[in-house]
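Residue numbers (our numbering): 1 to 64.
Positions of the beta carbon are idealized from the N, C-alpha and C atoms, including for glycine.
Structure, as C-alpha cells:
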C-alpha cells in the first residue's frame, strides 16, 4: 500500500492489482498489506485470487 505513489484510491488499487497479476505470472512469491487486511507472502492460484479479492472489496471505511 505504502509503495504505491498514486494520489487517488482507484489508481492505487489498480497498480496493486497489476503487481499481483505480474508477480503471479512470473512465479514470484508476494504478499499484500492494505489497511485492514494483510496477506503473507505466498504464491499460487488461490493466493492470487485472495489478493485480487481483497483489492476488489477494499473499502476506505473498512480499512480505517
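What three-state label does DSSP hand residue 57 in the structure shown?
Against the chain shown, residue 57 aligns to sequence position 57. Three-state DSSP puts residue 57 in coil, outside helix and strand.
Can you round the beta-carbon distance between residue 41 and residue 58 to whole angstroms, since I take them to be within the 8 Å contact cut?
For the purposes of this step, residue 41 is taken as the residue at position 41 of the chain shown. For the purposes of this step, residue 58 is taken as the residue at position 58 of the chain shown. Residue 41 to residue 58, Cβ: 19 Å. No contact.
When DSSP builds the beta bridges, which residues end up paired with residue 42?
By 1-based counting over the chain shown, the position of residue 42 is 42. Note: residue 42 sits in a beta bridge opposite 30.
Would you call residue 20 buried or exposed, if buried means 16 or more other Cβ atoms sit within 10 Å of its Cβ?
The sequence position of residue 20 within the chain shown is 20, counting from 1. By the neighbour-count rule (16 or more Cβ atoms within 10 Å), residue 20 is buried.
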